[in-house]
Amino acid sequence: MVIGGGQAGLAAGYYLCRTGLEFVILDAQATPGGAWQHDWDSLRLFSPAQFSSLPGWPMPPYPDEWYPPATHVVDYLAAYEKHHDLPIRRAETVTAVSRRDGGLRVATDSGAWSASAVISATGAWWRPFLPLVPGSFAGRRLHAVDDRNVDEFTGQRVVVVGGGNSGA
């Protein structure tokens, strides 16, 4: 069983298909695209499409753009699922994984599954971490997952903490 239908979950599914093993991908989202469908408006890939492909099927280039927007990634991920006919159950939220009778029990909001192995491909988008700020800070704090549009910061002083892709 694979928990999460974003990029990592789809890549795991591709390789599982090649083994001939029986598996399912459970994804909490109602539609394909992983976290890319919830990102900020200006988000683009930080590399060209040709370097952002999942295994077994190249991401098509985006016309007239070196770094494709999030919508291009969402479209690609949706097409990738169909292209490889991956067994995905949508809107299935996993609530717990526990050991049971020599295997694993995967509880979801709609029932329970049994599995001999689980791949967690949930990413970090759904549980963002905001570190404590010592002392007194009266400003607004938000995580990259809460940022939709840069226009809301016009005329304000802003500090970005973190040098990863989101911070950059």
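The numbering of the sequence shown is my numbering, which starts it at 1 and goes up by one. Note that beta-carbon positions come from the ideal geometry of N, C-alpha and C, so glycine has one too.
Counting only residues of its own chain and dropping the five nearest sequence neighbours on each side, G9 has a CB closer than 6 Å to the CB of V2, I25 and A121. Counting every other CB atom within 10 Å of its CB across the protein chains shown gives V150 a total below 16, marking it as exposed.
Scanning W57, A112, R100 and R99 for the CA closest to the CA of D85 turns up W57. Between L43 and S52, the gap from beta carbon to beta carbon reaches 7 Å or more. Under the DSSP definition of a beta bridge, W57 partners with L54. When secondary structure is reduced to three states using DSSP, L16 falls in the helix class. Straight-line measurement puts the Cα of V160 at about 26 Å from the Cα of H72. Here W126 is not bridged, per DSSP, to any residue. At a Cβ-Cβ threshold of 7 Å, A11 and L54 count as neighbours. For T95, there is no enclosing alpha helix (DSSP H); the residue is part of the beta strand (DSSP E) that begins and ends at V94 to R100.
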